[in-house]
Amino acid sequence: MAAHNESEKKSSDSVNDLQTFRAENLQSNMKVIYYSRTFLSIIGGVIAGILGFTGLAGFVLYFLIMAITSIALIAKAKFSIHAYFDSWNRVVLDGFLGGLMSFVLFWTFAYDIIDSFYCPAKIAEKRALLFADGSAGKAV
Numbered sequence: 010m011a012a013h014n015e016s017e018k019k020s021s022d023s024v025n026d027l028q029t030f031r032a033e034n035l036q037s038n039m040k041v042i043y044y045s046r047t048f049l050s051i052i053g054g055v056i057a058g059i060l061g062f063t064g065l066a067g068f069v070l071y072f073l074i075m076a077i078t079s080i081a082l083i084a085k086a087k088f089s090i091h092a093y094f095d096s097w098n099r100v101v102l103d104g105f106l107g108g109l110m111s112f113v114l115f116w117t118f119a120y121d122i123i124d125s126f127y128c129p130a131k132i133a134e135k136r137a138l139l140f141a142d143g144s145a146g147k148a149v
């Protein structure tokens, strides 16, 4: 009987060591990650557009923002990821590429707005190139 009690005690200890999560809490935590990444993707896209980033520099900014977001979320969890999430890759990797489309959309939108309306030197240069052949205003 003692062996049976010991094995029963060991199995109950291993069950107590297993951390369980409430589905509602885990889902709420995942929503925080999703909304944080989406919001910062939009803000990062606008910043990349305003600063005039093109090509690879914009994507580097996106990955930098997502890395900072991951670190901030881990810090928000007081560096105890397993208390709030079932694995570390939930915080670090989930949604990493999810905000990329929002980032690119707002990046191109902000870049186009700034380039078109707030850069008079570029507008004058484009007009000069457009009408350089002298055909502007002539009837066909």
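The working numbering applies: residue 10 is where the sequence shown begins, and numbers increase by one. Backbone N, C-alpha and C fix where the C-beta goes; we use that ideal spot for every residue, glycine too. In this text, all values refer to a predicted model and were calculated from it rather than measured experimentally.
What residue range is occupied by the uninterrupted alpha helix (DSSP H) comprising residue i?
| i | result |
| --- | --- |
| residue 72 | 65-85 |
| residue 50 | 32-60 |
| residue 111 | 109-126 |
If I'm right that residue i touches residue j with Cβ under 8 Å, what's the distance once you round it to whole angstroms?
| i | j | result |
| --- | --- | --- |
| residue 81 | residue 70 | Going by Cβ atoms, the distance from residue 81 to residue 70 rounds to 16 Å, so no, they are not a contact pair. |
| residue 115 | residue 41 | About 21 Å; that fails the 8 Å criterion. |
| residue 112 | residue 50 | 4 Å |
| residue 138 | residue 95 | Incorrect: roughly 58 Å between the Cβ atoms, too far for contact. |
Could you check if residue i is buried or exposed, using at least 16 other CB atoms within 10 Å of its CB as the buried criterion?
| i | result |
| --- | --- |
| residue 97 | exposed |
| residue 53 | buried |
| residue 127 | exposed |
| residue 140 | exposed |
| residue 6 | In this structure the chain extends from 10 to 149, so residue 6 is not present and cannot be described. |
Between the stretch 81-93 and the stretch 120-129, do at least 3 Cβ pairs fall closer than 8 Å?
-> no
Given 8 Å as the limit, is there contact between the stretch 42-55 and the stretch 95-106, that is, 3 or more CB pairs closer than that?
-> yes
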